[in-house]
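Trainee:
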Amino acid sequence: MYEKEMIINNKTGLHARPATDLSTLCQAYESDIKIRAEDTEIDAKSIISILSGGICKGTKIKLVVNGTDEKEAGEKISEFIENLKE
1 MYEKEMIINN KTGLHARPAT DLSTLCQAYE SDIKIRAEDT EIDAKSIISI
51 LSGGICKGTK IKLVVNGTDE KEAGEKISEF IENLKE
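In the UniProt record's numbering, the protein residues as written are 1 to 86.
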């Protein structure tokens with residue numbers, strides 16, 4: 001299992017475009033990919049789930065990846081989230 005805590009620094013959080021890009025990236029991996037924010041668990045492969053999560057700037061999240069390609073997926077998704085700029 002790959003786990004990493006991060007803080008969303010993108011000024012608009014995970015709104016439409018970053019949410020779309022994130023879900024597309026996550027769909028490329030076989031592993032189960034979740035984002036935990038406060039009391040919410042978000043399916044990172046679902047744009048609807050990401051948008052419904054209401055993740056805004058300053059939100060502390062935990063990325064949890066579990067599966068056959070978890071290390072590669074976790075590293076690439078973490079890098080994507082950490083480099084979000086808008």
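Quick reminder that beta carbons are idealized off the backbone N, C-alpha and C, glycines included. Bear in mind the structure is a predicted one, so any value in this text is a computation, not a measurement.
So, helix, strand or coil for L25, using DSSP?
Mentor: Helix, per DSSP.
Trainee: Would you report the Cα separation of E70 and L51, rounded to the nearest angstrom?
Mentor: Answer to the nearest angstrom: the Cα atoms are 23 Å apart.
Trainee: Just grab the DSSP bridge partners of K4 for me.
Mentor: Its beta-bridge partners are L63.
Trainee: Alpha carbon to alpha carbon, what distance is there between E3 and T59?
Mentor: For T59 and E3, the distance between alpha carbons rounds to 16 Å.
Trainee: Could you compute how far the alpha carbon of A19 sits from the alpha carbon of V64?
Mentor: Each residue's Cα considered, the two are about 17 Å apart.
Trainee: In the DSSP assignment, find the alpha helix (DSSP H) that holds E70 and state where it starts and stops.
Mentor: Residues E70 to E82.
Trainee: Have a look at G67 and A37 and give me their C-alpha separation to the nearest angstrom.
Mentor: Cα to Cα, the separation comes out at about 21 Å.
Trainee: In three-state terms, what does DSSP make of A44?
Mentor: A44 falls in the coil class under three-state DSSP.
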